[in-house]
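Quick notes on the structure that follows.
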Amino acid sequence: MFRKTLLMVPSILSISCGMGLKTTVTVDTAYLEPSDEPSLSPTSEPENQPTSEPEDEPTSEPTNQPTSEPSSPTSEPESTSGDGDFVISNITPQFGSTSGGTEVTISGGPFDASAYVDFGGYPAQVISNNGISLVVQTPSFPGEGTSDITINTNDGSQTAFSAFQFFADGTGQTGGIGSVYYITSTGDYWGSTTVELSGANMTFVSPTQFQWWEFNTTSMDTCSNSSYQYPGVFTVYDFGQSSISLSGNAGNMSLLWDTSTNLFATENITSSLSNNTTYSLNAMSGGMAGFSVSNIMRSSQSSIVYTPAISGSTVPSISQYQSFSWSPSGADWIHIRLARLDPISLNYSEEVNCIVLDDGSFIIDGSQWGSWPTTTYDSSGNLVGVQIDVYFTRVIEQISILPHNNSYARIAGEYTLVGGAFAQ
Numbered sequence: 003m004f005r006k007t008l009l010m011v012p013s014i015l016s017i018s019c020g021m022g023l024k025t026t027v028t029v030d031t032a033y034l035e036p037s038d039e040p041s042l043s044p045t046s047e048p049e050n051q052p053t054s055e056p057e058d059e060p061t062s063e064p065t066n067q068p069t070s071e072p073s074s075p076t077s078e079p080e081s082t083s084g085d086g087d088f089v090i091s092n093i094t095p096q097f098g099s100t101s102g103g104t105e106v107t108i109s110g111g112p113f114d115a116s117a118y119v120d121f122g123g124y125p126a127q128v129i130s131n132n133g134i135s136l137v138v139q140t141p142s143f144p145g146e147g148t149s150d151i152t153i154n155t156n157d158g159s160q161t162a163f164s165a166f167q168f169f170a171d172g173t174g175q176t177g178g179i180g181s182v183y184y185i186t187s188t189g190d191y192w193g194s195t196t197v198e199l200s201g202a203n204m205t206f207v208s209p210t211q212f213q214w215w216e217f218n219t220t221s222m223d224t225c226s227n228s229s230y231q232y233p234g235v236f237t238v239y240d241f242g243q244s245s246i247s248l249s250g251n252a253g254n255m256s257l258l259w260d261t262s263t264n265l266f267a268t269e270n271i272t273s274s275l276s277n278n279t280t281y282s283l284n285a286m287s288g289g290m291a292g293f294s295v296s297n298i299m300r301s302s303q304s305s306i307v308y309t310p311a312i313s314g315s316t317v318p319s320i321s322q323y324q325s326f327s328w329s330p331s332g333a334d335w336i337h338i339r340l341a342r343l344d345p346i347s348l349n350y351s352e353e354v355n356c357i358v359l360d361d362g363s364f365i366i367d368g369s370q371w372g373s374w375p376t377t378t379y380d381s382s383g384n385l386v387g388v389q390i391d392v393y394f395t396r397v398i399e400q401i402s403i404l405p406h407n408n409s410y411a412r413i414a415g416e417y418t419l420v421g422g423a424f425a426q
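Each residue of the sequence shown is one higher than the one before, starting from 3 at the first, in the numbering used here.
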């Protein structure tokens, strides 16, 4: 009989870092496993059912740990000092780009007309002063880190220490990555039960030049084999949030901070997920109070795959240089993942990933396969066909501007059909 596989979440990174504001790590472009396994009941063909994760699942995380934890400002200054006859009671927001230009409101007072403000000795532009609040525009700042804020008047000054966090400006670069995904089995040969898996994840990184599909291959309309790894290094920010929340027309979801992967993540969100739905990041708290982004995430939709006929009633056969055809639907790209199942280890022994334009056709670069057997022996010594699991993912990329450093958030919306085939 044809065997099911554990449906793995495609294109999600696993990052390891400590609890500091940031630390530099090497990215493992692994597939994160949903917490619940599918319960498909296959009804036909070979008896090679995996019972564990594919071999490309990492066995351990990097161990990079920051040596210390930077201070994390809150909306109220941790401490102030000075001889001015006024107070600083609140600062909003307490973060911005080193390029300057962030509008900051400083509450307290009474502030007289002579008041002027500096950030770590760099003068800010005063936009308005009504006596109880100053609205200023941050100056450009020479480097990433916390800064004191000092208000000076003719009668004295007050300083709020470590009251503002400057982030390296990320204009034109990527500073947020993540995905919202829906995965479902397709084809009657799996049995009567349709499996649905879903989830979302997100993390924030120091600005870098990055395209999401680089996790799978080097350029568009190309394929890579099992040895490919994204070579980049990310610096991961920990904003001190235990969770973040997103809201959309289909419902709300809360993403919890996972210290083992350094992702905000959640699973089993099918009830809050519908096709082509946008989600906004609601305001954070603490030192990142006011950090919010409209339409940061958008879900994808299903595809119609014609060849190979993975959605049919019988298991199709595929060749080493298989031709795929589907109905184009305006996706940013299509991710085709072919994974060969080893009937003895019950893991994937080899796979090929292709990132392709959504133009309706593509021929797999069969040279990426190390070998192409069509028969093999199972654990009982029986000669069986070689099972190839087919992951066909329609991807849309939602791009938005992040408020702390002007970088791009690149969040992939993924809808994956999981079918099966025999090598021929």
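Every residue, glycine too, gets a C-beta built ideally from N, C-alpha and C.
query                                                                                                  : result
Contained beta strand (DSSP E) runs [length at least 3] in the stretch 295-327, N- to C-terminal order : 295-300 and 307-309
The stretch 281-301 touching the stretch 84-93, judged by at least three CB pairs closer than 8 Å      : no
Given Y232 as reference, the closest of T219, C225, D223 and G242 once Cα atoms are compared           : T219
Collapsed DSSP secondary structure at E216 in the structure displayed                                  : helix
Contact between the stretch 385-397 and the stretch 152-163 (3+ Cβ pairs under 8 Å)                    : no
Through-space distance from F364 to S325, alpha-carbon basis                                           : 6 Å
For M222, three-class secondary structure by DSSP                                                      : coil
Residue of G332, S305, V238 and T376 minimising C-alpha distance to R342                               : T376
Residue nearest to T148 in terms of C-alpha spacing, selected from F97, S276 and Y281                  : F97
Cross-strand partners of S99 (DSSP beta bridge)                                                        : F169
Continuous beta strand (DSSP E) stretch holding S135: start and end                                    : S135 to Q139
Per-residue DSSP class, three states only, for S426                                                    : Sequence check: residue 426 is Gln here, not Ser. In this structure, Q426 counts as coil in the three-state DSSP scheme.
Proximal residues to I129 (C-beta, below 8 Å), its chain only, five neighbours per side dropped        : E105, V137, V138 and Q139
Cβ-based burial, L23 [other Cβ within 10 Å; buried from 16]                                            : Low confidence applies here, because L23 scores a pLDDT of 42, under 50, leaving its location unreliable; read the following figure in that light. Flag for L23 reads buried.
Test item: CB-CB of N408 and S142 under 9 Å                                                            : no
Proximity winner among D260, V207, T237 and R339, relative to Q243 (alpha-carbon distances)            : D260
Three-state secondary structure (DSSP) of W335                                                         : strand
Proximity of A267 and G201 at Cβ, strictly below 9 Å                                                   : yes
Extent of the continuous beta strand (DSSP E) run through Q127                                         : Q127 to N131
Own chain, CB closer than 6 Å to V358, minus 5 neighbours either side, in chain order                  : D223, I336 and F364
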